[in-house]
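Q:
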Amino acid sequence: MLLEQQCLGRSALIAIRQAKKTLANAACMIEHARFYIDMKTMTPLEEMRHSAAHILATAVLRLFPEAKLDIGPPTDTGFYYDFDLEHKFTAADLERIEDEMRKVIKENQRFERIEATRDEAEALFTKLNQPYKIIRLADIPDGEPVTFYRNGEFTDLCAGTHVNYTKQVKAIKLLSIAGAYHKGDEKNKQLQRIYGTAFPSKEELEHYLQQLEEARKRDHRRLGKDLKLFHIDEAVGQGLILWTPNGSIVRQELQNFILDELQRQGYQQVFTPHIGKLGLYRTSGHFPYYKESQFMPIIERDAMDDMVHRGCSCAELSNSVDEGDVDGYLLKPMNCPMHIKIFDSQPHSYRDLPVRLAEFGTVYRWEQSGELNGMTRVRGFTQDDAHIFCTEEQVASEISGCLELVKTVFSTLGMKDYRVRIGLRDPDSSKYTGDGALWDKAEAALRQVAGTLGVPYTEEPGEAAFYGPKIDFVVRDVIGREWQLGTVQVDYNLPIRFDLSYVGPDNKPHRPVMIHRAPFGSMERFTGVLIEHFAGNFPTWLAPEQVRLLPITDDQVPFCKEVQAKLKAAKVRCSIDDQSDKLGAKIRRAELEKVPYMFVVGKNEAAEGKVTVRSRVRKSVEGARSTAEAIDLLLTEIASRQLPEA
RNA sequence: GCCCUUGUAGCUCAGCCGGUAGAGCGCGUCCUUGGUAAGGACGAGGUCGGCGGUUCAAGUCCGCUCGAGGGCUCCA
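In the numbering used here, the protein residues as written are 115 to 760.
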């Protein structure tokens, strides 16, 4: 990926990624077409990796002649090839295959491009008994040439391109085996995918593997355990985060930060319960549209007893719930319906608008077990949510205000590596509610404001919410997975579904427009990403412990306690390391726990009322300062939410 | 949900072809009172994720189950 970035630059990469995505989404384009076109835009590195994929297939066929091949493209970080094979690949197989690949490389086979007719291609793959290739062949759009690439005894349906000789593939490594559905469709057979990577040199491969290792060290699941930030307990449930004291401090500080901003922007805080009646979510559309990704409804006891008495089957119960014949409660999957009800509890004049209702609202969603991931994909999470009810004319400026807020959050935390995505509806899907004309209006409004954002953005059909289009801020984690954080969504639909209105200057009822927005997105996911962003080295304002006092001998403990009292009075989070260790050991401990500042106190400091400051970043000794001065510097840094020095 | 891998002390991990558990770190106590990333001694911690099976004997083999990791699919 690094190499690609060097070659292409980030914006070009995003553009390519987007081009691929657009292609994938285009209704008439099946996956092979995407594959086909990817092939034509390959960088030299991708070309080499794609060649490595063919070498992998060559080796697998030598060891497992009965293997059926699907496809083997390059990826951002390497390549893969999908196989259908009775035998399950093992780690030991991977080694054997890798050895065989080295042999193929050594044989220095030539990659040869061959054009053919469809009939010739079909005849060849029938002869070779490669059914997936015949399916892929049928997917090549009419008019596109059919080409093979041949190396040694191996011939593959392939648009290319490739390196000239196998020896040009310098350093390879097979990394993992995974299941992958044929053509990415759950209904199709699951094939075995072998992932690997290849580099122009052994050194670069080593460097990449080291990077992987480094990434693992800053994984939020690792750091969350090491720094005692959060805990997930089997007994509590999958995907349910327990915020431990340290993590809670980080979250609380983040919340305080956003609360400051909200107050400035004229938001009002509200609180709402964790459950609400099913009917509410039928009205909003959440229950019908996303039933599968919600926890089962809670059925009222009387209704349940009644059904049991009547000898109802589970299927009948389930049907009654769906039909609305039986009522119950739902763990709330979103906060909007409740905020809508707060808005609607009073008549509103146009003079009141915009009404901005904010809440750290906890929502619950039934994510598939295989999707759960640390803090970034969970089943219960708290959104820094708000809903703005405004007039048509106010929409643009309100969206701008929201985007400003997201930008403030990102810049305060020094998060520069994000991309902006406009999620539009997929015209061919039925998962959206409301009138197409209103959607067009909402999409236009978002586009217009996004244009003034000053950062590049991409438009992606199929990424909208069911009630409206949105602008998302997306970041990558250390493993390279993308996560949506901040989001701003325009909604013309829920106001209709809930029949909301305000009184206009003409003394007539008008329909307000809603904006849903969450600058962090979810506290859980944001914190997880933030842990990785800082590698656990939080800026002082967020650090669970801000100062560690290090007495050199027990004699300085009383003075340290005095300093500690002053720090605590100034609301600085601190502790004293009074264990019977040498200074070096205490420093090491504080460093490992990533405490931003250490105040070292020896005989001299205690006598003069001073402390020697050692910062986590500037390891060196900075000389003794008076306690008051040290605290002042610290408070300034905290109040300004300063970022750690690079 | 599906595929593959995996589950031994608080953490990281050893434990060969079955003979009822080890290390380092951490933790506790004591000694040591020292100037910028590990001072020393002793000690306490484990029904080897859970259930069942094979066996004279299971951490080790088999089945089921729960959790975790990597993917795939999904993601308001």
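All C-beta atoms in this analysis are idealised placements derived from N, C-alpha and C, irrespective of residue type, glycine included.
No experiment lies behind these values; they were computed from the predicted model shown.
Spatial neighbours of SER290 within its chain, please: CB distance less than 7 Å, with the 5 preceding and 5 following residues excluded, ordered by chain position.
A: Start at 1 with the first residue of the first sequence, and residue 290 comes out as number 176. Around SER290: TYR309.
Q: Is the beta carbon of THR496 less than 9 Å from the beta carbon of GLY475?
A: Stepping through the first sequence from its first residue, residue 496 is reached at position 382. Stepping through the first sequence from its first residue, residue 475 is reached at position 361. Yes, Cβ-Cβ distance for THR496 and GLY475 is below 9 Å.
Q: Pick out whichever of LEU706, MET628, PHE612 and LYS680 has its Cα sitting closest to the Cα of PHE652.
A: Counting from one through the first sequence, the residue named residue 652 turns up at place 538. Among LEU706, MET628, PHE612 and LYS680, the Cα nearest to that of PHE652 is on LEU706.
Q: Can you tell me whether ALA578 is helix, strand or coil according to DSSP?
A: If you number the first sequence from 1, residue 578 lands on position 464. In the structure shown, ALA578 sits in coil (DSSP, three-state: anything other than H, G, I, E or B).
Q: Considering only the beta carbon of each residue, do GLU236 and ILE219 sit closer than 9 Å?
A: Within the first sequence, the letter at position 122 stands for residue 236. Within the first sequence, the letter at position 105 stands for residue 219. Not in contact: GLU236 and ILE219 (Cβ atoms no closer than 9 Å).
Q: What are the start and end residues of the beta strand (DSSP E) that includes GLN678?
A: What you label residue 678 is simply residue 564 of the first sequence in a count that begins at 1. Where GLN678 is concerned, there is no enclosing beta strand (DSSP E), although the alpha helix (DSSP H) it sits in stretches over 671-683.
Q: Taking only the alpha-carbon atoms, compute the straight-line gap between PRO255 and ARG232 and give it to the nearest angstrom.
A: Within the first sequence, the letter at position 141 stands for residue 255. Within the first sequence, the letter at position 118 stands for residue 232. PRO255 and ARG232: Cα-Cα distance of roughly 11 Å.
Q: Rounded to a whole number of angstroms, what is the C-alpha to C-alpha distance between THR505 and LEU567?
A: The residue given as residue 505 occupies position 391 in the first sequence. The residue given as residue 567 occupies position 453 in the first sequence. In a straight line, the C-alpha of THR505 is about 22 Å away from that of LEU567.
Q: Would you call the stretch 628-645 and the stretch 683-696 in contact, with 3 or more CB pairs under 8 Å?
A: No, the stretch 628-645 does not touch the stretch 683-696.
Q: Pair every Cβ in the stretch 195-214 with every Cβ in the stretch 312-327, then say whether three or more of these pairs are closer than 8 Å.
A: Because the criterion of three Cβ pairs below 8 Å is not met, the stretch 195-214 and the stretch 312-327 do not touch.
Q: Measure how close the beta-carbons of ALA564 and GLY537 come, nearest whole angstrom, since I'm counting them as under 8 Å.
A: Within the first sequence, the letter at position 450 stands for residue 564. Within the first sequence, the letter at position 423 stands for residue 537. Incorrect: roughly 11 Å between the Cβ atoms, too far for contact.
Q: Can you give me the C-alpha to C-alpha distance between GLU234 and ILE228, rounded to a whole angstrom?
A: Here residue 234 is taken as the residue at index 120 of the first sequence, counted from 1. Here residue 228 is taken as the residue at index 114 of the first sequence, counted from 1. When rounded, the distance between both Cα atoms is 11 Å.
Q: Going by the CB atoms, is the gap between PHE673 and VAL715 shorter than 9 Å?
A: Taking the first sequence and counting its residues from 1, one reaches residue 715 at position 601. Taking the first sequence and counting its residues from 1, one reaches residue 673 at position 559. Closer than 9 Å, so yes.
Q: Please tell me whether MET452 and HIS400 are closer than 9 Å, where the distance is taken between their beta carbons.
A: The count along the first sequence starts at 1 and reaches residue 452 at position 338. The count along the first sequence starts at 1 and reaches residue 400 at position 286. Cβ distance not < 9 Å, so MET452 and HIS400 don't count as in contact.
Q: Thinking C-beta only, is TYR571 closer than 9 Å to ILE585?
A: Mapped onto the first sequence, residue 585 falls at position 471. Mapped onto the first sequence, residue 571 falls at position 457. Closer than 9 Å, so yes.
Q: May I ask which residues mark the beginning and end of the beta strand (DSSP E) holding GLN325?
A: Mapped onto the first sequence, residue 325 falls at position 211. Unbroken run through GLN325 is the alpha helix (DSSP H), 316-331; no beta strand (DSSP E).
Q: Within 10 angstroms of its Cβ, does LYS446 collect 16 or more other Cβ (buried), or is it exposed?
A: Taking the first residue of the first sequence as 1, we reach residue 446 at position 332. Counting Cβ neighbours within 10 Å, LYS446 comes out buried, since at least 16 surround it.
Q: So for GLY737, helix, strand or coil by DSSP?
A: Working through the first sequence from its first residue, we reach residue 737 at position 623. Note: GLY737 maps to coil in three-state DSSP.
Q: Between which two residues does the beta strand (DSSP E) harbouring LEU631 extend?
A: Within the first sequence, the letter at position 517 stands for residue 631. Checking the sequence shown, residue 631 turns out to be Arg, not Leu. It spans 627-632 - the beta strand (DSSP E) in which ARG631 sits, taken as one unbroken run.
Q: Does DSSP classify ARG533 as helix, strand or coil?
A: The residue labelled residue 533 in the question sits at position 419 within the first sequence. Three-state DSSP puts ARG533 in a strand.
Q: Cβ of LEU614 within 9 Å of Cβ of PRO626?
A: Working through the first sequence from its first residue, we reach residue 614 at position 500. Working through the first sequence from its first residue, we reach residue 626 at position 512. The answer is yes: Cβ separation under 9 Å.
Q: Sort LEU183, VAL350 and GLU659 by Cα distance to LEU492 and report the nearest one.
A: As a working note, residue 492 is residue 378 in the first sequence. Note that residue 492 corresponds to Val in the displayed sequence, not to Leu. Comparing Cα-Cα distances from VAL492 to each of LEU183, VAL350 and GLU659, the minimum goes to VAL350.
Q: Give every residue of the same chain whose Cβ lies closer than 8 Å to the Cβ of LYS135, excluding the five residues on either side of it in the sequence, and list them in chain order.
A: Position 21 of the first sequence, counted from the start, is the residue given in the question as residue 135. Bear in mind that the predicted position of LYS135 carries a pLDDT of just 35, short of 50, making it unreliable; the figure below should be weighed with that in mind. Closer than 8 Å at the Cβ level, and outside the excluded window around LYS135, lie THR572 and GLU574.
Q: DSSP on PRO658, reduced to helix/strand/coil?
A: Residue mapping note: residue 658 aligns to position 544 of the first sequence, counting from 1. Note: PRO658 maps to coil in three-state DSSP.
Q: So what's ARG102 in DSSP terms, helix, strand or just coil?
A: Outside the modelled stretch of the chain, which goes from 115 to 760, sits residue 102, for which no answer is possible.
Q: Can you tell me whether HIS624 is helix, strand or coil according to DSSP?
A: Translated into positions along the first sequence, residue 624 becomes position 510. Here HIS624 sits in strand by DSSP.
Q: Could you tell me the boundaries of the alpha helix (DSSP H) in which ILE701 lies?
A: The count along the first sequence starts at 1 and reaches residue 701 at position 587. Where ILE701 is concerned, the enclosing alpha helix (DSSP H) stretches over 697-706.
Q: Pick helix, strand or coil for ALA383, following the three-state DSSP scheme.
A: By 1-based counting over the first sequence, the position of residue 383 is 269. One detail in the question is off: residue 383 reads as Gln in this sequence, not Ala. If DSSP states are grouped into helix, strand and coil, GLN383 belongs with the strands.
Q: DSSP state of TYR571, grouped into three classes?
A: Locating residue 571 in the first sequence gives position 457, where the first residue counts as 1. Correct three-state label for TYR571: strand.
Q: Between the Cα of PRO710 and the Cα atoms of THR172, GLY723, LEU757 and THR269, which residue gives the shortest distance?
A: Residue 710 sits at position 596 when you count from the first residue of the first sequence. Nearest of THR172, GLY723, LEU757 and THR269 to PRO710, Cα basis: LEU757.
Q: For ASP420, does the three-state DSSP call read helix, strand or coil?
A: As a position in the first sequence, residue 420 is number 306, starting the count at 1. Three-state result, ASP420: helix.
Q: Between the C-alpha atoms of GLN119 and GLU406, what's the straight-line distance to the nearest angstrom?
A: For the purposes of this step, residue 119 is taken as the residue at position 5 of the first sequence. For the purposes of this step, residue 406 is taken as the residue at position 292 of the first sequence. A caution first: GLN119 carries a pLDDT of 29, below 50, which makes its placement in the model unreliable, though a value can still be read off. Going by the C-alpha atoms only, they are around 39 Å apart.
Q: Tell whether a beta-carbon distance below 9 Å holds between PHE580 and THR547.
A: In the first sequence, residue 580 corresponds to position 466, counting from 1. In the first sequence, residue 547 corresponds to position 433, counting from 1. It is a contact, given that the beta carbons lie within the stated cut-off.
Q: What are the partner residues of PRO665, as DSSP defines its beta bridges?
A: Stepping through the first sequence from its first residue, residue 665 is reached at position 551. Beta-bridge pairing links PRO665 to VAL715.
Q: Considering GLU473, what are the terminal residues of the alpha helix (DSSP H) in which it resides?
A: As a position in the first sequence, residue 473 is number 359, starting the count at 1. Run containing GLU473: none in the alpha helix (DSSP H); it sits in the beta strand (DSSP E), 469-478.
Q: On the DSSP bridge assignment, give the partners of LEU288 in chain order.
A: Position 174 of the first sequence, counted from the start, is the residue given in the question as residue 288. GLY310, per the DSSP bridge assignment.
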